[in-house]
Amino acid sequence: MEASTIRAWSWVHKWTSLICTVFLLMLCVTGLPLIFHDEIDGALNPAQWEPTNPGGAHLTLDEVLSIALENRPGEVPIFLSFDTDRPVVNVTSGPTADAPGSQMHFASFDLTSGNLVPPADAGEDVMEFILQLHTDMFLGLPGMLFLGLMGLLFVIATVSGVVLYAPFMRKLEFGTVRRKQSPRLKWLDYHNLLGIVTLAWVLLVGITGVVNTLATPIIEAWKNQELADLIAPYEGQPMPAEFASLQAAVDQAVVAAPGMQLQFVAFPGSSFSTNYHYAVFLHGNTPLTEHMITPVIISAADGSFGGKRDMPWYVKALSLSGPLHFGDYGGLLLKIIWAALDVVTIVILGSGLYLWLSRKRRAEETGLAPEAAAA
Amino acid sequence: MKKAKPLPLRRIFLIPALLFAISLGGLIWALLVDGPQDVLAALAVGLCLLVPALYAFRRGG
Numbered sequence: 001m002e003a004s005t006i007r008a009w010s011w012v013h014k015w016t017s018l019i020c021t022v023f024l025l026m027l028c029v030t031g032l033p034l035i036f037h038d039e040i041d042g043a044l045n046p047a048q049w050e051p052t053n054p055g056g057a058h059l060t061l062d063e064v065l066s067i068a069l070e071n072r073p074g075e076v077p078i079f080l081s082f083d084t085d086r087p088v089v090n091v092t093s094g095p096t097a098d099a100p101g102s103q104m105h106f107a108s109f110d111l112t113s114g115n116l117v118p119p120a121d122a123g124e125d126v127m128e129f130i131l132q133l134h135t136d137m138f139l140g141l142p143g144m145l146f147l148g149l150m151g152l153l154f155v156i157a158t159v160s161g162v163v164l165y166a167p168f169m170r171k172l173e174f175g176t177v178r179r180k181q182s183p184r185l186k187w188l189d190y191h192n193l194l195g196i197v198t199l200a201w202v203l204l205v206g207i208t209g210v211v212n213t214l215a216t217p218i219i220e221a222w223k224n225q226e227l228a229d230l231i232a233p234y235e236g237q238p239m240p241a242e243f244a245s246l247q248a249a250v251d252q253a254v255v256a257a258p259g260m261q262l263q264f265v266a267f268p269g270s271s272f273s274t275n276y277h278y279a280v281f282l283h284g285n286t287p288l289t290e291h292m293i294t295p296v297i298i299s300a301a302d303g304s305f306g307g308k309r310d311m312p313w314y315v316k317a318l319s320l321s322g323p324l325h326f327g328d329y330g331g332l333l334l335k336i337i338w339a340a341l342d343v344v345t346i347v348i349l350g351s352g353l354y355l356w357l358s359r360k361r362r363a364e365e366t367g368l369a370p371e372a373a374a375a
Numbered sequence: 376m377k378k379a380k381p382l383p384l385r386r387i388f389l390i391p392a393l394l395f396a397i398s399l400g401g402l403i404w405a406l407l408v409d410g411p412q413d414v415l416a417a418l419a420v421g422l423c424l425l426v427p428a429l430y431a432f433r434r435g436g
């Protein structure tokens, strides 16, 4: 590689890294507890709840919904979701079906009795704070897109780092760390070694992180294209005065999507449905397809089948980006390794910053340009 | 003093490329399987941390 080419890649590596480092450090630190979100939740909320009638017959969803709305007079149902590991349904209600999140009310019900299930929300505020800091820095969509840009710079910094690895290692065997020479050389070697061996993980987490920041535009695109196409024949239909049976609608959706499991129901008028339909969302039941959802729409007026549409590739990519970014898909050992890789990334970022600062300091001391001082 | 000969690109990237392939394979494999195979997939991912640690302790300068 020619000297001018190396200088150009060095420039790209230096500036893309410098711009994103502070934000990446924040993302790595806040990402650590998020890897163990389930374990932290479990430890703070020990599973003490038991269904009233274990093994007993389940109430219908219409009965549970009726109980839920009796507790919330004047409200309408917005969403209904299902716990995977216990007979519990969660009902989200609000003053109107399109109410903002701040006006929604969430409650869980025992499917065997209709009794309220106490919320398991100890520590939820802290985890929610960390998640929001990690996701959008409390700035909403602009914050998400900004962090996406930082993620993109990080990916470019990583790729340019791989390009620069070759000239730096042309006279060194893999794994060499010159510990007995200057601290700068030692940290340069650690930076190069740790950077090159964690490449697959860093690229995967970086790219999926960027995709995750595009969640809002991706979902909007899906709603405006695929969902709009699915519900076009029903456009302009008024909201039914009385809704058909929810249980029958869900049963019909399950029959229409064989081999899939219920995830949630969006009620007529909510952000994931039409004025006229129950939108029943189901997910696959293999390790891969459990992250992918398929909507089935059922008329809320007469319970007739409205249509089913597989998610387009870009929503599937978004669905897979969640677990591939947070590392919560392959058991505890993978989470521990994920956390170790996260810590190693912090070391890479920190050592990169140290290398830049030490080079700058050396240039100031010698009066040479940083490039010459580093030679 | 004898000047060290530059290493060919293939040699520079051989071990990193193997680690890249194995750890990426592990990351994807873990998404496709459940149960005990998850442990093997996680170990494949973890190899990218183990190998350089062994090298770094063996070498030095």
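Those sequence lines, one after another, are chains A and V. Going left to right, the first sequence walks through residues 1 to 375 as my numbering numbers them. Going left to right, the second sequence walks through residues 376 to 436 as my numbering numbers them. We treat Cβ as the ideally placed atom computed from N, Cα and C, and that holds for glycine.
TODO: Could you please give the first and the last residue of the uninterrupted beta strand (DSSP E) stretch that includes N90/A?
DONE: V88 to G94
TODO: Can you tell me which of the three DSSP states V408/V falls into?
DONE: coil
TODO: For L384/V, return the contacting residues in chain A, with the cut-off set at a CB-CB distance below 9 Å.
DONE: A166 and R170
TODO: Put Y276/A into one of helix, strand or coil per three-state DSSP.
DONE: coil
- [ ] Please list the residues of the segment 186-201 of chain A that have a C-beta atom closer than 9 Å to any C-beta atom in chain V, keeping them in chain order.
- [x] Cβ contacts with chain V: K186, D189, Y190, L193, L194, I196, V197, T198, L199, A200 and W201.
Task: C-alpha gap between Y276/A and E75/A, whole angstroms - done: 18 Å
Open item on the list: Let me check understanding here. Comparing Cα to Cα, which of F79/A, G195/A and A157/A lies closest to F281/A?
Closed with: F79/A
Task: Selection from A57/A, G143/A and A120/A that minimises the alpha carbon distance to L27/A - done: G143/A
Task: chain V contact residues for P287/A, given Cβ-Cβ distances below 7 Å - done: For P287/A, the chain V residues whose Cβ falls inside 7 Å of its Cβ are L406, L407, V408 and D409, in order along the chain.
Open item on the list: Any beta carbon of chain B sitting closer than 7 Å to that of G331/A?
Closed with: The structure shown has no chain B; the protein chains it does contain are A and V.
Open item on the list: Short of 9 Å Cβ to Cβ, which residues in the segment 350-364 of chain A face chain V?
Closed with: none
Open item on the list: Between A339/A and chain V, is any beta-carbon pair separated by less than 7 Å?
Closed with: no
- [ ] Tell me, to the nearest whole angstrom, how far the beta carbon of L147/A is from that of M137/A; I am working on the premise that it is less than 8 Å.
- [x] The beta-carbon separation of L147/A and M137/A, rounded to 7 Å, stays under the 8 Å limit for a contact.
Open item on the list: Residues of chain A with CB closer than 7 Å to the CB of L394/V, please, in chain order.
Closed with: V197
Open item on the list: Could you give the first and the last residue of the continuous beta strand (DSSP E) run that contains T294/A?
Closed with: I293 to S299
Open item on the list: My parser needs the alpha helix (DSSP H) runs of 4 or more residues fully inside the segment 204-256 of chain A; what are they?
Closed with: 215-222, 228-231 and 246-256
Open item on the list: Distance cutoff 7 Å, beta carbons only. Does L399/V sit that close to anything in chain A?
Closed with: yes
Open item on the list: Rounding to the nearest angstrom, what Cα-Cα distance links G421/V and Q247/A in this structure?
Closed with: It is roughly 46 Å from the alpha-carbon of G421/V to the alpha-carbon of Q247/A.
- [ ] Between the Cα of A157/A and those of L172/A, K14/A, A97/A and W201/A, spot the shortest distance and give me the residue it belongs to.
- [x] K14/A
- [ ] Would you give the residue range spanned by the alpha helix (DSSP H) that V315/A belongs to?
- [x] Following the DSSP letters along the chain, one finds V315/A inside the alpha helix (DSSP H) bounded by residues W313 to F326.
- [ ] Quick one: list the residues of chain V neighbouring G206/A, beta-carbon separation under 9 Å, in chain order.
- [x] Near G206/A there are no residues of chain V at all, since even the closest Cβ is about 13 Å away, more than 9 Å.
TODO: Can you grab the Cα-Cα spacing for the pair H32/A / T286/A, in whole Å?
DONE: The sequence shown places Leu at residue 32/A, rather than the His named in the question. Those two C-alpha atoms are separated by around 27 Å.
Open item on the list: How far does the alpha helix (DSSP H) with V162/A in it extend, from its first residue to its last?
Closed with: G140 to F168
- [ ] Determine the contact status of I390/V and A166/A, defining contact as a CB-CB distance below 7 Å.
- [x] no
Open item on the list: Could you tell me which whole beta strand (DSSP E) segments of length 3 or greater appear in the segment 32-109 of chain A?
Closed with: Within the segment 32-109 of chain A, the complete beta strand (DSSP E) runs of at least 3 residues are 76-82 and 88-94.
Open item on the list: Please state the DSSP three-state secondary structure of Q181/A.
Closed with: In the structure shown, Q181/A adopts coil according to DSSP, grouped into three states.
Task: Validate contact between the segment 340-348 of chain A and the segment 194-204 of chain A using beta carbons, cut 8 Å, 3 pairs - done: yes
TODO: Report yes or no: is there a C-beta of chain A within less than 7 Å of the C-beta of A424/V?
DONE: Rather than Ala, the amino acid found at residue 424/V in this sequence is Leu. Yes, contact with chain A.
Open item on the list: Please state the DSSP three-state secondary structure of F281/A.
Closed with: strand
Task: For L353/A and A374/A, the rounded distance between their alpha carbons - done: Model confidence at A374/A stands at a pLDDT of 44, short of 50, so the residue's coordinates are unreliable; what they give is reported in the following sentence. If I take the Cα positions, the gap works out to 15 Å.
- [ ] Identify the contact partners of V344/A in chain V, using a Cβ-Cβ distance below 8 Å as the criterion.
- [x] L424
Task: P77/A, buried or exposed, once every other Cβ within 10 Å from all chains shown has been counted against 16 - done: buried
Open item on the list: Under 8 Å, with one C-beta from each stretch per pair, do the segment 302-312 of chain A and the segment 224-244 of chain A reach the 3-pair mark?
Closed with: Contact between the segment 302-312 of chain A and the segment 224-244 of chain A is present, with at least three C-beta pairs closer than 8 Å.
TODO: With DSSP collapsed to three states, give me the class of A374/A.
DONE: Model confidence at A374/A stands at a pLDDT of 44, short of 50, so the residue's coordinates are unreliable; what they give is reported in the following sentence. A374/A: helix per DSSP, three-state reduction.
TODO: Can you have a look at S108/A and say buried or exposed, based on whether 16 or more other CB atoms are within 10 angstroms of its CB?
DONE: buried
Open item on the list: With distance defined between alpha-carbon atoms, name the residue in M292/A, F168/A and A300/A nearest to M239/A.
Closed with: Closest by alpha carbon: A300/A.
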